[in-house]
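Asks: If you scroll down you'll find the structure; I have some questions about it.
And the structure:
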């Protein structure tokens, strides 16, 4: 249809609906061809249809082709036309259902953008009056627009945004397989539980097997060991890395040792050269808890091999999590990127990927994506267990599984956050360096954190251990000055109440772990902290020590 063709129809015979194409004849303007987007009482909201030219560059144009009108058309969403029933000269059909849905989405997103510009304004920092957070989410309008876009799909469970997020995250890390889950803690549970699968044959973890780990950390790095009937073996850590003392690995080894599971503490890697070498030498599984370390890299300085026995390039940086067998991430608001709740497991091992997916998705043997059936073209051809031949593979279960998937709304936010992750990481590094430079004069009082050799940390927090003085008094001083802080997670986990009834083994007295439990804390470096906030923290801490 030619947009200039405007046959007359008597107003009384016109029946409009959303998506109608009509000619609006306002007294102050010439007749215009419009698309109706809303009808409320006696008011019709519509947008003028214009022909697209090469000079049109406005960001808020809704560009479309429609068989009912023509090609190379647009609506300028900044300028609605409001009319009454008597202003409508004629009706000329409707735009397609697909274009109507796209148009209504675009209008919703325009309002979301307006809201976000108001909601996420940067506020001036008032030292001593505003809180300096230890961590937190950093959101912008694009994140909210992604969230709304996924909501408008009405799909709700894992879907297209999750598929895009898993692929984009895999590319960022440099790994073959990423599976999202509903939290970092679930990621750790899934990673460890996958290693109990009978599909792994003699290498499957059995109840009573031992897993080497550290007690200075977050409970859900260790809890999956206990939850699977395994025995954690605790070794001490070193300062100022806050990671495993690798000199104790040999002492931790027994004929029951089958795996190592540890975190890269506060974004700082453990000694990957030593740990990976030890794991490969003794045929141990290695799970890297990277929940606090998205973007951290490590350049091995000794010859290492991957899970296939293939050499890993020397002195070339690789993301943490790509050295061991399985790795985990968290997307809780405190972490490097967020989707509210959420996490991920990742691996280069195709067999482990299928096992992880099975445990995540109820334990089912089928590997079809949600909403898809018969990917293998053998859905009714299997005979597994004692089920009858041809029993629906979609309802066949090979593991004692869970349901740990995320919603597509979460994945949409994660996808938007991932677009900003490089900037987030650089800001974390810059904040860390600014804190370190500002506190360097206090090293008679404070032990400051140091990166592991060969590591390029994407810092989660800035750890401080008091060499003298009272930590409780120092924390109270920080809180009085509105500087948030945290202890180093669970301190010494074996001294937590819930560990009184647990079976474990330890190497030595865990002296440094106890030191961290008694004398350490950490403050924030997350990208929501401005230079003014970092400088305020430095000045406040210097004042405490009267420097």
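Residue numbers (this note's numbering): 34 to 580. Cβ coordinates follow ideal geometry from the N, Cα and C atoms, glycine included. The model shown is predicted, which means the values in this text are computed figures rather than measured ones.
1. Using the beta-carbon count (16 or more within 10 Å), is residue 249 buried or exposed?
2. Which value, in whole angstroms, describes the spacing of the CA atoms of residue 69 and residue 132?
3. What number of angstroms, rounded off, separates the C-alpha of residue 297 from the C-alpha of residue 275?
4. Following the continuous alpha helix (DSSP H) through residue 195, name the residue where it begins and the one where it ends.
5. In angstroms, rounded to a whole number, what distance separates the CA positions of residue 112 and residue 101?
6. May I ask which residues mark the beginning and end of the alpha helix (DSSP H) holding residue 394?
7. CB-CB under 8 angstroms to residue 344, same chain, minus the five flanking residues each way: which ones, in chain order?
8. With DSSP run on the structure shown, which of helix, strand or coil describes residue 344?
9. Along the chain, which unbroken stretches of the beta strand (DSSP E) at least 3 residues long are found entirely within the region 113–192?
10. Just the C-alpha distance for residue 313 and residue 257, rounded to the nearest angstrom, thanks.
11. Can you tell me which of the three DSSP states residue 415 falls into?
12. Mind checking whether residue 308 and residue 293 have CB atoms under 8 angstroms apart?
13. Can you tell me which of the three DSSP states residue 330 falls into?
14. Are the beta-carbon atoms of residue 479 and residue 469 separated by less than 8 angstroms?
15. Determine the contact status of residue 264 and residue 234, defining contact as a CB-CB distance below 8 angstroms.
16. Can you give me the C-alpha to C-alpha distance between residue 186 and residue 282, rounded to a whole angstrom?
17. Taking only runs that begin and end inside the region 211–239, name each unbroken beta strand (DSSP E) of 3 or more residues, in chain order.
18. Below 8 angstroms, how does it come out for the region 118–126 and the region 135–147: are there three or more Cβ pairs, yes or no?
19. Using DSSP with H/G/I as helix, E/B as strand and the rest coil, what is residue 517?
20. Which partner residues of residue 53 appear in the DSSP bridge assignment?
21. To the nearest angstrom, report how far apart residue 219 and residue 363 are at their CA atoms.
22. Considering only DSSP beta bridges, list what residue 265 is partnered with.
23. Give the single residue among 84, 117, 459 whose Cα lies nearest to the Cα of residue 109.
24. Give me the Cβ distance between residue 351 and residue 379, rounded to the nearest whole Å; I'm assuming they're in contact under 8 angstroms.
25. Can you tell me where the alpha helix (DSSP H) with residue 472 in it begins and where it stops?
Replies: Let me lay it out:
1. Burial of residue 249 is indicated by the presence of at least 16 other C-beta atoms within 10 angstroms of its C-beta.
2. Between the alpha carbons of residue 69 and residue 132 lies a distance of about 12 angstroms.
3. If you take the alpha carbons of residue 297 and residue 275, they lie about 9 angstroms apart.
4. Counting along the chain, the alpha helix (DSSP H) containing residue 195 begins and ends at 193–206.
5. Between residue 112 and residue 101, the alpha-carbon positions lie close to 23 angstroms from each other.
6. Looking at the DSSP string, residue 394 is not in any alpha helix (DSSP H), and its letter there is neither H nor E.
7. Exclusion of the five residues before and after residue 344 leaves 336, 337, 338 as the residues of its chain whose Cβ lies within less than 8 angstroms of its Cβ.
8. The answer is strand: DSSP assigns residue 344 an E or B state.
9. Counting only runs of 3 or more, we get 114–116, 121–127.
10. Approximately 22 angstroms, taken between the alpha carbons.
11. Of the three classes helix, strand and coil, the one that applies to residue 415 here is coil, per DSSP.
12. Yes, they are a contact pair.
13. Of the three classes helix, strand and coil, the one that applies to residue 330 here is strand, per DSSP.
14. Between residue 479 and residue 469, the C-beta gap is not smaller than 8 angstroms, which leaves the two residues out of contact.
15. Not a contact, by the Cβ cut-off of 8 angstroms.
16. Straight across, the Cα-Cα distance linking residue 186 with residue 282 is about 51 angstroms.
17. If we require 3 residues or more, the region 211–239 turns out to have no beta strand (DSSP E) run fully inside it.
18. Under the three-pair Cβ rule at 8 angstroms, the region 118–126 does not count as touching the region 135–147.
19. Here residue 517 sits in coil by DSSP.
20. Beta-bridge pairing links residue 53 to 127.
21. Their backbone Cα atoms lie some 9 angstroms apart in a straight line.
22. Answer is 244.
23. For residue 109, the nearest C-alpha among the options comes from 84.
24. About 13 angstroms; that fails the 8 angstroms criterion.
25. Residue 472: member of the alpha helix (DSSP H) spanning 454–472, first to last residue.
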